[in-house]
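Right, one structure below, let's go through it.
There are 2 protein chains.
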Amino acid sequence: MQLSPAYKTIFNKALEKSSLKPTKQREHIFSLILDKKDHPTADEIFTRSRDTMPTISLATVYNCLETLVESGLIRQVNFERESTRYCPNLKPHAHFLCKNTGNIYDVDLPDSIFSALKKNLPENFQTEQIDINFNGSIKKN
Amino acid sequence: MQLSPAYKTIFNKALEKSSLKPTKQREHIFSLILDKKDHPTADEIFTRSRDTMPTISLATVYNCLETLVESGLIRQVNFERESTRYCPNLKPHAHFLCKNTGNIYDVDLPDSIFSALKKNLPENFQTEQIDINFNGSIKKN
DNA sequence: AAATTAATTTAGAATTATTCTAATTACACT
DNA sequence: AGTGTAATTAGAATAATTCTAAATTAATTT
């Protein structure tokens, strides 16, 4: 429940860049997300936070998540209208939701596929972000 | 506000296949979605419905949308956790959300891109659906 | 060190989209 | 015409998130 020196630096830099303060609540939540990369919801993060920081409030969890997204340290993951989930993997990747278990998996993708996708847009469409979600199941063998 | 004979047949067949009744509310909502393909929300559909069917309820709109999705006549479109939108385009395609106007555009995609995407999954991952969302803006020129 | 300021945290209320519930209505089939 | 099943309806309930206003914290100036 403690950021490594390397991440601590990344954390400080990212927040500073957005003129946000590196508070202990923000750091705590960031470290929780790095610690268990199972794409938790705000509520799950709230519950986990309470174990080691019993006074944190749900509103603070939401606030911190917002600032972490804003400063580019984590990203949101949405499937349909389910609760928003949070992911610290910043490489370009997609998500796979297993309909049986509810687990979400990161799917690394080459840059080439993002450029191939953009080729299908009219030229005046400027893309800022592409979200790719797989739905399916995982066969055991 | 009337289905063409061709769509009427598609509509009847699709509902029959799911053992659902082709009621006038369901038909009305389906025809509204076909008439104005601007990816309306349930609430927008409700408002539009009222113009020509003043007694329809919001619950019915939600119910009908659910059955239309279930029977494969329309699909849901979700950006982040915004209200679910509905789309009658059944060809494989993505969506582009313009952050300035809020408009959503269909982006036709070749099948090849879907198979290219699936190649990045572990072999035991079985895909049922892939959702692709672009975010950005449209440059006028 | 005390005072000032601005940002952050907090608890709880408010909001919003959607789902649920239970009663009514509509329709197909005896 | 009567019965049974599915669909519709109005309004209540739910759940995730955002808002509000007060309290706390941290940094800066006096």
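Line order of the protein sequences matches chains A and B. Position in the first sequence counted from 1, then plus 254, gives you our numbering. Position in the second sequence counted from 1, then plus 254, gives you our numbering. Yeah, the Cβ is synthetic: ideal placement off N, Cα and C, and Gly gets one too.
Counting other Cβ atoms within 10 Å of its Cβ, residue 366 (chain B) stays below 16 and is therefore classed as exposed.
In the DSSP assignment, residue 367 (chain B) falls within the alpha helix (DSSP H) that extends over 365-372.
With contacts defined as CB atoms closer than 7 angstroms, residue 342 (chain B) and residue 328 (chain B) qualify as a contacting pair. Bridge partners of residue 381 (chain B) according to DSSP: A:390. Within chain B, the residues whose beta carbon sits less than 8 angstroms from that of residue 334 (chain A) are 330, 332, 338, listed in sequence order.
Residue 350 (chain B): member of the beta strand (DSSP E) spanning 347-352, first to last residue. With a 10 Å radius around the Cβ and a threshold of 16 neighbouring Cβ atoms, residue 280 (chain A) comes out buried. For residue 319 (chain A), the closest of A:263, A:308, A:303 by C-alpha to C-alpha distance is A:303. Within the same chain, 381 come within 6 angstroms of residue 372 (chain B) by CB-CB distance, once the 5 residues on both sides are set aside.
In the displayed model, residue 330 (chain A) falls within a strand according to three-state DSSP. No Cβ-Cβ contact shorter than 7 angstroms links residue 323 (chain B) with residue 293 (chain B).
Closer than 7 angstroms at the C-beta level to chain A, one finds these residues of the segment 365-392 of chain B: 367, 370, 371, 374, 375, 378, 379, 380, 381, 382, 383, 384, 385, 386, 387, 388, 389, 390, 391, 392. With a threshold of 7 angstroms between beta carbons, residue 300 (chain A) makes no contact with chain B.
Those residues of the segment 297-323 of chain A placed with their C-beta closer than 7 angstroms to a C-beta in chain B do not exist.
Only buried fits residue 385 (chain B), as 16 or more other CB atoms lie within 10 angstroms of its CB. Going by DSSP, residue 310 (chain B) is part of no alpha helix (DSSP H) at all; its letter is neither H nor E.
Residue 305 (chain B) and residue 363 (chain B) have their C-alpha atoms some 35 angstroms from each other.
Using beta-carbon distances, residue 284 (chain B) does not count as an interface residue toward chain A, since no partner is under 7 angstroms. Taken atom to atom, the span from the alpha-carbon of residue 268 (chain A) to that of residue 277 (chain A) is near 13 angstroms. Ranked by how close their Cα comes to the Cα of residue 388 (chain A), the residues B:348, B:271, B:265 have B:348 in first place. For residue 363 (chain A), the residues of chain B that pass the 9 angstroms Cβ criterion are 371, 374, in the order they occur in the chain.
Contact annotation: residue 378 (chain B) and residue 395 (chain A) have beta-carbon atoms nearer than 7 angstroms.
Residue 350 (chain A) counts as buried, since no fewer than 16 other beta carbons sit within 10 angstroms of its beta carbon.
A distance below 7 angstroms between beta-carbons, with the five flanking residues on each side excluded, links residue 272 (chain B) to the following residues of its chain, in chain order: 324, 325. The beta carbon of residue 265 (chain A) sits no closer than 7 angstroms to any beta carbon of chain B. Selection B:356, B:266, B:391 evaluated against residue 321 (chain B) yields B:266 as nearest (Cα-Cα). Residue 280 (chain A) carries a helical assignment under DSSP once its states are collapsed to helix, strand and coil. Close CB contacts of residue 346 (chain B) within its chain, under the 7 angstroms cut and outside five residues either way in sequence, are with 363, 365, 368 (chain order). DSSP places residue 295 (chain B) within a strand segment (E or B) once states are collapsed to three.
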